[in-house]
Each structure stands twice: as structure tokens, then as C-alpha cells.
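Residue numbers are given in the numbering used here: position 190 of the sequence shown equals residue 471, and the series is strictly consecutive.
Single-structure report; data block below.
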Amino acid sequence: MSPALTALQPDLVFNGGRFAPGVVHLDARGRIVSVDAAPLPGSMTMRLRNMALLPGFINAHSHVFQRLLRGVAERPTGRSEDFWSWRSAMYSLVDKMTPELLEDIATATYLEMRQAGYTRVKEFHYLHHGKGGQRYADCHELSRRLIAAAQRAGIALELMRVVYLEAPEPSQKRFRDKDIDDAIALTDELRATAGIPVGIAPHSVRAVSPEGFARCADWARLRGAELHAHVAEQPKEVAWCLERHGKTPVALLADAGAFGPRTHAVHLTHLNDYDVTLIGKSGAVAVICPSTEANLADGIPRLPELLDAGAALAIGSDSQAHVDPFLELRSLEYHERLRSGRRCHFDPAALLSATTVRQAPGDVADFLMIDLDAPALAGVPITALASALAFGADARVVVGHWHALNGGAVILRPELLRSAGRALWA
Ligand SMILES: [Zn+2]
């Protein structure tokens with residue numbers, strides 16, 4: 282006789298792009314067997330009253346150490362601050378970072394992410410080396426600190442190891458590998474030993490040459506790995522690229538063969554019509570980080586046109602100015618409303634489907650437990666639940682995370698953040 286199934290029976294399950302009553306059956310390893318109308322005979326039923334199950338959110342773009350800039354980088358200096366002055370503040374943080382501090386802040390921030398509803402994070406990791414560019418005895422010391430932090434926090438981590446070769450400023454020495462061969466060898470080495478998915482991330486057109494992008498694209502294609510890059514975040518970057526290479530950052534990546542369905546192009550804030558077509562045609566993922574893009578005064582991407590052209594969508598908490606997937610979804614819609622003077626640009630259920638983990642038979646169950654009694658959801662009819670979550674809720678509606686590896690609902694407080702932040706800025 283096969284072992285009994287576990288039946289998770291909430292009031293509602295987000296399944297097939299909508300909320301409806303349902304029972305999720307899991308096998309002994311926590312994998313989804315089926316979603317049914319009622320518990321199957323002989324299953325052990327866990328009734329989750331006044332709760333809805335929603336697959337966990339994917340945080341597709343994170344620089345976890347930047348969490349220590351929250352509040353600190355907001356300087357009232359007569360409206361002269363911009364992306365580039367923020368970057369100087371970030372570099373002063375880079376100069377202070379130690380392996381111990383990185384592990385502390387990553388543990389605390391990954392806990393904060395998990396508590397907010399992110400259950401998977403793709404870390405765009407560019408802080409590789411010691412102060413002055415000195416290599417650690419284990420060249421992957423800082424990557425391993427992130428892996429340890431994610432394990433402690435109970436979040437699934439994917440590392441996008443950044444390639445950063447043009448590094449004129451002293452702080453950038455910590456990001457820089459010797460050359461493209463060195464960067465690729467180190468990425469292979471990390472991939473072979475990390476025990477988690479590892480992709481490659483040519484940082485941006487500022488940091489990697491067109492030839493470097495082509496090498497990274499080949500690497501990712503041959504290994505079936507993801508390629509992530511910052512693309513067209515700032516007008517100055519686009520202007521510089523046009524002057525230096527005679528083409529936009531998007532055209533440069535396209536000519537280097539860097540676009541495909543596994544490519545994650547981050548920000549895409551300043552695009553021309555041809556850029557939009559190129560990205561859409563490739564089926565690449567547009568990773569939009571609206572709270573960071575607002576915080577850094579980047580601008581508003583042309584998301585409706587990108588999606589119409591064929592791009593996929595992901596969200597990221599990026600600089601950690603905010604860690605709340607519900608805020609990111611609301612911002613996607615609200616930024617578009619403010620720009621266009623029109624309402625209702627995105628289907629909320631489609632936004633939830635695009636930004637959460639796939640949950641189908643055979644997948645390990647990875648569900649958020651949403652409190653239907655939470656103040657933000659009181660009085661919301663079932664038919665409007667997806668809209669209320671995407672546009673009217675925040676992370677406080679998440680009361681737990683069901684994941685086989687973590688044994689069910691665990692809510693942890695980022696206690697470590699207090700000591701790490703105060704010690705650094707004291
Ligand atoms: Zn970024």
C-alpha cells in the first residue's frame with residue numbers, strides 16, 4: 282500500500298491562474314500529486330481555515346548587502362541626489378563589507394524576504410573579492426557566505442555570478458576578475474561546487490565589452506543556465522553606449538547573442554521602439570524592480586509594450602529599499618496609471634502567475650499561507666481576491682510558508698539586522 286497523502290485544505294487555492302476552493306495533495310516527499318475538489322479517501326487532511334494558498338513569490342533581482350543602505354542613503358541635500366550619488370554611497374558600503382557582515386546582513390534580509398512572501402531569490406552577486414581586490418583563500422568565500430545565509434533563512438537561492446571587467450574606480454576592484462577567461466573559469470568552479478543553481482551575470486554595458494557579453498551568452502547557452510544583466514537603467518548609460526559602440530545597450534546585447542528565454546534583462550527603463558521589439562521577439566524576461574527604480578529615480582519602463590511584444594515578466598527587490606512583493610506588483614500598475622492617466626493596465630491574476638513559483642503535479646509544494654482575515658483583505662469577495670492582493674495588500678497578509686524542506690509555516694523575525702546595521706553605521 283502506498284503511503285498516505287497529505288491533503289492541504291485551505292478555503293481557496295491559486296491554481297491555473299485563479300483562486301478557487303481546492304485541496305492540494307502531497308506525497309511523502311512534499312511533492313504535489315494533484316489538486317482536487319475534496320480530500321482523497323485515506324489522506325491526512327490539514328484544514329487551513331480562513332486561509333488561501335498562493336505559490337511563493339520569486340525575487341528575480343537582489344543585491345542583498347544593499348539592505349544596509351535603507352534609510353542611510355536618503356539624504357535631504359536640496360534635490361541634487363541622483364542614481365550616481367546613490368552609487369557613491371553604495372560604494373562606501375562596499376568598502377566596509379566583510380565576510381561576516383555579509384553573512385549577517387544576508388541572513389537577516391533573506392528572512393525579511395521570506396517573511397514578506399518571497400520563497401526564492403536570484404542574487405545578482407558582484408562583491409567577489411577582498412578589499413583592494415585581494416582574493417580570499419577560497420575565491421568563492423563571499424558566495425559561500427550567501428549560500429549559508431539562505432540555508433539559515435530557509436529561502437531557495439540561485440546565484441548569478443557577476444562578470445565585471447571594466448573597473449576604473451577603487452571600490453570596483455572588489456567586483457573585478459582578471460579577464461573574461463578568469464571570470465568564466467570562476468563561474469564554472471562555483472557552479473560545480475555551490476550545490477544550488479548558478480548563472481552568469483555580465484553586469485552591464487559599462488562593465489563588460491560586447492565580446493565579453495558574447496562569451497557570457499555562449500557560456501549560458503552551452504550549459505542551459507540563466508544570463509542576467511542590468512540593461513538601460515539610466516539615460517546616461519544609454520547615451521554612453523551609443524557614443525562608445527554606436528548602438529543602444531539592448532542592440533549591443535542582441536548583437537552579442539545574449540537574448541533568449543533564459544535571459545533576465547533587469548530594469549529596461551529607457552528603451553526605443555526597436556529595443557522593445559528585440560526583447561519581445563526573444564521571449565526574454567523583463568525583470569522590473571519598481572520600488573528600487575522609484576527610489577533611484579530611474580524612470581518607468583514601457584512594460585505594457587514589452588509584454589505585448591512577447592517578453593515575460595519578473596519582479597525584484599534589487600536594492601532592498603523595500604522588501605514586499607505586493608508593493609512591487611501595485612507599483613507596476615500604479616506607475617503606469619500615473620504615467621498614462623488611465624487605469625487597469627495589468628491583469629492581477631496574470632501578475633500573480635508571472636511572479637510566483639510554478640506549482641504543478643511533481644513540483645515540491647511551495648505555498649504562502651494568506652490570511653483571509655487580515656485587515657487588508659476584510660470584505661473582499663473571492664472574485665476580487667487576486668486584485669486585492671496585487672493592488673491593495675502588503676506583506677502582512679502572509680502568515681506562513683508551506684514548504685516540504687522547512688516543514689510548514691515558519692515566520693522568523695530579522696533579529697540579526699539590528700546588530701549588523703548598528704555596528705556598521707555606529
Ligand atoms: Zn541591480
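Glycine is no exception: its CB is placed at the ideal position from the N, C-alpha and C atoms.
Residue i beta carbon near ligand 1 (any heavy atom closer than 8 Å)
| i | result |
| --- | --- |
| glutamate 563 | According to the sequence provided, residue 563 is serine. The question's glutamate does not apply to it. For ligand 1, not one heavy atom lies less than 8 Å from the Cβ of serine 563. |
| aspartate 599 | yes |
| phenylalanine 456 | no |
| histidine 511 | yes |
| histidine 268 | Since the displayed the chain opens at 282 and closes at 707, residue 268 lies outside it and no answer follows. |
| histidine 409 | no |
| phenylalanine 364 | no |
| histidine 616 | no |
| histidine 406 | no |
| cysteine 570 | yes |
| histidine 551 | no |
| histidine 626 | no |
| histidine 344 | yes |
Beta-carbon proximity check, residue i vs residue j, cutoff 9 Å
| i | j | result |
| --- | --- | --- |
| leucine 471 | leucine 440 | yes |
| alanine 657 | valine 678 | yes |
| leucine 633 | leucine 334 | no |
| isoleucine 436 | tyrosine 391 | yes |
| phenylalanine 648 | valine 314 | no |
| histidine 409 | aspartate 462 | no |
| aspartate 536 | proline 491 | yes |
| glycine 561 | aspartate 579 | no |
| glutamate 393 | arginine 433 | no |
| valine 486 | leucine 534 | yes |
| serine 600 | leucine 577 | yes |
| valine 638 | threonine 400 | yes |
| isoleucine 339 | valine 294 | no |
| leucine 619 | proline 582 | no |
| leucine 446 | valine 489 | yes |
| serine 563 | proline 542 | yes |
Length of the line joining the Cα atoms of residue i and residue j
| i | j | result |
| --- | --- | --- |
| leucine 286 | valine 645 | 14 Å |
| phenylalanine 627 | histidine 684 | 29 Å |
| histidine 342 | proline 322 | 43 Å |
| phenylalanine 494 | proline 483 | 6 Å |
| methionine 325 | alanine 288 | 6 Å |
| proline 302 | alanine 309 | 23 Å |
| glycine 398 | glutamate 609 | 12 Å |
| proline 642 | glycine 297 | 12 Å |
| valine 557 | alanine 567 | 10 Å |
| alanine 431 | lysine 377 | 22 Å |
| arginine 502 | histidine 511 | 19 Å |
| serine 621 | leucine 613 | 12 Å |
| isoleucine 477 | arginine 351 | 28 Å |
| arginine 256 | alanine 593 | In the structure as shown, the chain starts at 282 and stops at 707, and residue 256 therefore has no counterpart that could be examined. |
| glutamate 514 | glycine 337 | 27 Å |
| leucine 467 | threonine 529 | 29 Å |
| alanine 448 | lysine 454 | 6 Å |
| leucine 559 | histidine 526 | 18 Å |
| aspartate 520 | aspartate 292 | Before going further, note that residue 520 is alanine rather than aspartate in the sequence given. If I take the Cα positions, the gap works out to 53 Å. |
| alanine 630 | leucine 587 | 18 Å |
| aspartate 554 | glycine 591 | 14 Å |
| arginine 360 | proline 516 | 18 Å |
| alanine 370 | alanine 665 | 42 Å |
| arginine 623 | leucine 307 | 43 Å |
| glycine 660 | arginine 356 | 40 Å |
Contact test: residue i Cβ vs ligand 2 heavy atom, cutoff 8 Å
| i | result |
| --- | --- |
| valine 547 | Looking for ligand 2 in the displayed structure turns up nothing; the ligands present are ligand 1. |
Neighbourhood of residue i by C-beta distance below 8 Å, restricted to the same chain and skipping five residues each side
| i | result |
| --- | --- |
| leucine 427 | Val345, Leu383, Glu384, Ala387, Glu404, His406, Leu438, Leu440 |
| proline 380 | Tyr417, Glu422, Leu423, Arg426 |
| phenylalanine 675 | A small correction: the amino acid at residue 675 is aspartate; phenylalanine does not occupy that position in the sequence shown. Taken in chain order, the residues that qualify are Asp605, Phe607, Leu608, Ala657. |
| alanine 319 | Val304 |
Other residues of its chain near residue i: CB distance less than 6 Å, five sequence neighbours each side excluded
| i | result |
| --- | --- |
| threonine 544 | Leu508, Ala565 |
| glycine 411 | Tyr417 |
| aspartate 654 | Asn331 |
| valine 547 | His342, His511, Val568 |
Per DSSP, cross-strand counterpart(s) of residue i
| i | result |
| --- | --- |
| tryptophan 683 | Phe648 |
| glutamate 404 | Ser343, Leu440 |
| isoleucine 569 | Ile596 |
| leucine 334 | Val294, Met650 |
Close-in-space but distant-in-sequence residues of the same chain around residue i (CB under 7 Å, 5 per side omitted)
| i | result |
| --- | --- |
| alanine 429 | Glu384 |
| arginine 328 | Gln290 |
| proline 571 | Glu609, Ser612, Leu613, His616 |
| alanine 498 | Leu508, Ala537, Gly538, Ala539 |
| valine 443 | Phe405, His406, Tyr407, Phe456, Ala482, His484 |
| arginine 496 | Ile461, Ile465 |
| leucine 552 | Ala513, Val531, Arg583 |
| histidine 603 | Ser572 |
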